[in-house]
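By UniProt numbering, the letter at position 28 of the first sequence is numbered 28, and the numbering carries on one by one without gaps.
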Amino acid sequence: MPELPEVETTLRGVLPHVIGKKVREVMVRDKRMRWPVPDEIHEIEGCRIESGERRAKYMLFGTAKGTLLLHLGMSGNLRVLPADTPFKKHDHMAITMEDGRQLRLHDPRRFGAALWIEGDPAEHALLKDLGPEPLGEEFTVETLHAACAGKTAAIKQVIMDAHVVVGVGNIYASEALFMAGIDPRQPAGKVSKPRLTKLVQAIRKVLAASIKMGGTTLRDFVNESGEPGYFKQTLRVYDREGEPCRVCEAPVKRIVQGQRATYFCPKCQK
DNA sequence: AAAACTACCTGAGTGC
DNA sequence: TGCACTCAGGTAGTTT
1 MPELPEVETT
11 LRGVLPHVIG
21 KKVREVMVRD
31 KRMRWPVPDE
41 IHEIEGCRIE
51 SGERRAKYML
61 FGTAKGTLLL
71 HLGMSGNLRV
81 LPADTPFKKH
91 DHMAITMEDG
101 RQLRLHDPRR
111 FGAALWIEGD
121 PAEHALLKDL
131 GPEPLGEEFT
141 VETLHAACAG
151 KTAAIKQVIM
161 DAHVVVGVGN
171 IYASEALFMA
181 GIDPRQPAGK
191 VSKPRLTKLV
201 QAIRKVLAAS
211 IKMGGTTLRD
221 FVNESGEPGY
231 FKQTLRVYDR
241 EGEPCRVCEA
251 PVKRIVQGQR
261 ATYFCPKCQK
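Right, dumping it as structure tokens:
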């Protein structure tokens with residue numbers, strides 16, 4: 001589920017409930033996540049949360065003692081609920097704040113993660129080799145051009161590579177390539193610089209637009225309040241196989257690249 | 001170095 | 001109803 005806009009939406013919703021507040025208790029109901037939830041996660045108990053940031057699709061909550069890292073995987077959500085709300089199946093972790101509110105990490109597929117980082121999070125193994133943020137200044141046509149140079153891999157796979165640019169998942173990769181008019185199968189090294197310029201703009205635009213609408217709910221994404229995102233109705237190609245292109249009316253095509261579905265318009269994207 | 005593929009896991013949907 | 005099968009928003013790790 002969650003790509004960058006969904007994580008950003010969740011983080012923004014959660015922040016007002018945690019910034020400047022102390023954590024009372026962490027309850028781990030099922031430590032089987034992508035990596036076992038470490039016992040050190042309890043280090044956060046009694047700490048005041050000073051910061052909350054997103055890096056790629058990771059959420060980082062900083063305290064004086066260390067940093068809580070959360071990832072929503074494919075099926076996760078993080079909700080803010082009264083602490084006495086009955087637990088649901090797959091509510092794996094609950095973080096109770098001093099005011100009685102609780103953050104619930106719910107993740108049926110358990111591809112998500114909850115880790116405790118001591119020291120500088122930027123140096124953590126999961127974060128240190130990540131590429132630039134797509135909405136930040138460091139992601140430019142120059143960086144993308146350099147990353148694509150000489151590569152035979154399809155352009156879609158390259159923009160989904162977190163070493164090149166973070167946060168571009170399967171939905172927004174297809175959408176950005178449509179907006180830029182680029183065939184997702186094009187070898188990355190063969191896409192001209194002007195077209196990469198369009199692609200950089202398209203990636204920024206589609207992510208920003210989705211954040212504005214609270215993200216995309218395909219099946220089960222909900223934000224911190226349990227509400228879906230509304231960007232799905234704006235999708236131009238993703239999950240629209242056989243339906244008419246919104247520009248030229250040619251049927252949208254679905255192919256598989258790197259074991260993942262890709263959607264594109266064969267007429268608009270060359 | 002880069003590309004291809006595997007693995008992790010549950011639930012929804014489809015076809016028989 | 002039930003079984004077998006496919007597919008799903010991510011990404012670290014291994015193999016080629």
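Think of the CB as a built atom: it goes at the ideal place given N, C-alpha and C, for glycine as much as any other residue.
- Straight-line gap, residue 143 to residue 163 (C-alpha atoms, nearest Å): Your numbering for residue 143 matches position 143 in the first sequence. Your numbering for residue 163 matches position 163 in the first sequence. In a straight line, the C-alpha of residue 143 is about 11 Å away from that of residue 163.
- Message: Runs of 4 residues minimum, wholly inside the UniProt domain "FPG-type" (236 to 270): which ones carry the alpha helix (DSSP H) assignment?
- Response: none
- Task: Can you tell me which of 186, 170, 165 and 200 puts its alpha carbon nearest to the alpha carbon of residue 179?
- Result: Within the first sequence, residue 179 is the residue found at index 179, counting from 1. Of the listed residues, the one whose Cα sits closest to residue 179 is 200.
- Query: Three or more beta-carbon pairs under 8 Å between the stretch 1 to 11 and the stretch 203 to 211, yes or no?
  - Reply: yes
- Can you tell me which of the three DSSP states residue 222 falls into? Taking the first residue of the first sequence as 1, we reach residue 222 at position 222. Coil.
- Task: Taking residue 58 as part of the alpha helix (DSSP H), name the residues at either end of that continuous run.
- Result: Counting from one through the first sequence, the residue named residue 58 turns up at place 58. Taken as a continuous stretch (DSSP letters only), residue 58 belongs to no alpha helix (DSSP H), being part of the beta strand (DSSP E) at 58 to 62.
- Entirely enclosed beta strand (DSSP E) segments - the stretch 96 to 134, minimum 3 residues: 101 to 106 and 113 to 117
- Apply the 10 Å Cβ neighbour rule to residue 104 and answer buried if 16 or more other Cβ atoms are within range, or exposed otherwise. On the first sequence, residue 104 is found 104 positions in, with the first residue counted as 1. Under this definition residue 104 is a buried residue.
- Query: Quick one: what's residue 80 bridged to in DSSP?
  - Reply: On the first sequence, position 80 is the one that residue 80 refers to. Answer is 103.
- By Cβ distance below 8 Å, which residues in the same chain neighbour residue 52 in space, the five residues on each side in sequence not counted? Locating residue 52 in the first sequence gives position 52, counting from the first residue. Contacts found: 11, 14, 15, 18, 19, 59, 60, 61 and 62.
- Beta-bridge partners of residue 94, as assigned by DSSP: As a working mapping, residue 94 is identified with position 94 in the first sequence. DSSP lists 27 and 104 as partners of residue 94.
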